[in-house]
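Asker:
In UniProt numbering, the protein residues as written are 1 to 257.
#1: Excluding five sequence neighbours on each side, which residues of the same chain lie with their C-beta closer than 6 Å to the C-beta of residue 11?
#2: Using beta-carbon positions only, say whether residue 27 and residue 45 come within less than 9 Å of one another.
#3: Mind checking whether residue 233 and residue 194 have CB atoms under 9 Å apart?
#4: Relative to the C-alpha of residue 144, which candidate in 78, 219 and 77 has its C-alpha closest?
#5: Return the chain-ordered ranges of every alpha helix (DSSP H) run that is complete within the region 147-218 and spans a minimum of 4 residues.
#6: Along the chain, where does the beta strand (DSSP E) that runs through residue 80 open and close?
#7: Is it the case that the region 197-214 contacts the region 116-126, given that we only count it when at least three CB pairs across the two stretches are under 8 Å?
#8: What number of angstroms, rounded off, separates the C-alpha of residue 115 from the C-alpha of residue 246?
#9: Sort out for me which residues DSSP pairs residue 67 with in a bridge.
#10: Let's see if you can read the secondary structure: which residues bound the alpha helix (DSSP H) around residue 136?
#11: With C-beta atoms as the reference, is residue 129 less than 9 Å away from residue 186?
#12: May I have the straight-line CA-CA distance separating residue 25 from residue 141, to the nearest angstrom?
#13: Are the region 148-158 and the region 88-97 touching by the rule of at least three beta carbon pairs closer than 8 Å?
#14: Can you check DSSP and say which residues form a bridge with residue 220?
#15: Kindly confirm or deny that the region 97-111 and the region 12-21 touch, where touching means at least three C-beta pairs closer than 8 Å.
#16: Please classify residue 83: is it buried, with 16 or more other beta-carbons within 10 angstroms of its beta-carbon, or exposed?
#17: Go ahead and pull the three-state DSSP assignment for residue 49.
#18: Alpha carbon to alpha carbon, how far is residue 40 from residue 189? Give it in angstroms, no decimals.
#19: Go ahead and label residue 240 buried or exposed: buried means 16 or more other beta carbons lie within 10 angstroms of its beta carbon, across all protein chains shown.
#20: Find out if the Cβ-Cβ distance for the pair residue 85, residue 57 is shorter than 9 Å.
#21: Helix, strand or coil for residue 121 per DSSP?
#22: The alpha helix (DSSP H) spanning residue 237 covers which residue range?
#23: In whole angstroms, give me the CA-to-CA distance for residue 252 and residue 131.
#24: Cα separation between residue 198 and residue 75?
#25: As a quick exercise: from 165, 126 and 157, pick the residue whose alpha carbon is nearest that of residue 176.
#26: Whole angstroms is fine: what's the gap from residue 231's alpha carbon to residue 238's?
#27: State buried or exposed for residue 104, treating a residue as buried only when at least 16 other CB atoms are found within 10 Å of its CB.
#28: Can you check which of these residues, 71, 215, 33 and 133, is closest to residue 244 by C-alpha distance?
Here it is as structure tokens:
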């Protein structure tokens, strides 16, 4: 009885002791600690493809052990506790209890990680959001890097005449164009995007926004501290907007370097 109680205590420590860790570190620790509870056992992490044919949860005959499917987030995987003595009733019950605790802990950690990820992303475009940009700028920008602020000129008109779904499609299209060119892009407002770029990447930005009606302002790292670049780019973007309103719109415009 004392030996069983000790193992139950170790099981608790193995799982609960990792509860505050990030998802990946948690998996590493429970892999290392599974042998605390199950002598000679190993915890394997399998992809769904590798686990084809194994039970969603329960006893596995070859190799002997206990398996359970974890659906994520962040991603699906199969937990397999390889344990030669799994057919012993006590070992089987302990393995089932261990897996139950482990799955509960992984669900909680996975959901926290997913919420953290979503907190940094714009839900519509999948680009970073304003919070993500501010954290990035807090790290500073190296020489010859800049911040480009883009403001779509016709989003309100599209929303008013074609509906908000059409406006969402326009925003998604711009976001996808920036991502397709490999640019570090963020959506920070309804119709505003920010691109952090190395000066030679200006051509990539030009290609990404080709054919879009937008106003643009760029500020370079040598002109201001990173925290002030957005303000400077914003001033230049509005100057560009006023200039473009005062003249006939052009189909294409070279970017200012």
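Ideal placement from N, C-alpha and C gives every residue a C-beta, glycine not left out.
Owing to the predicted nature of the structure, the values given are computational and were not obtained by experimental measurement.
Answerer: Let me lay it out:
#1: 37 and 98
#2: yes
#3: yes
#4: 219
#5: Counting whole runs of 4 or more residues, the region 147-218 contains the alpha helix (DSSP H) stretches 155-162, 164-180 and 202-208.
#6: 77-82
#7: Result no; under three Cβ-Cβ pairs closer than 8 Å.
#8: 45 Å
#9: Note: residue 67 sits in a beta bridge opposite 58 and 80.
#10: 130-137
#11: Yes. Within cutoff.
#12: Residue 25 and residue 141: Cα-Cα distance of roughly 30 Å.
#13: no
#14: 146
#15: yes
#16: buried
#17: Coil.
#18: 55 Å
#19: buried
#20: no
#21: strand
#22: Going by DSSP, residue 237 is part of the alpha helix (DSSP H) stretching over 226-245.
#23: Note that residue 252 scores 48 on pLDDT, short of 50, meaning its location in the model is unreliable; the coordinates nonetheless yield the value given after this. In a straight line, the C-alpha of residue 252 is about 31 Å away from that of residue 131.
#24: 33 Å
#25: 126
#26: 11 Å
#27: exposed
#28: 215
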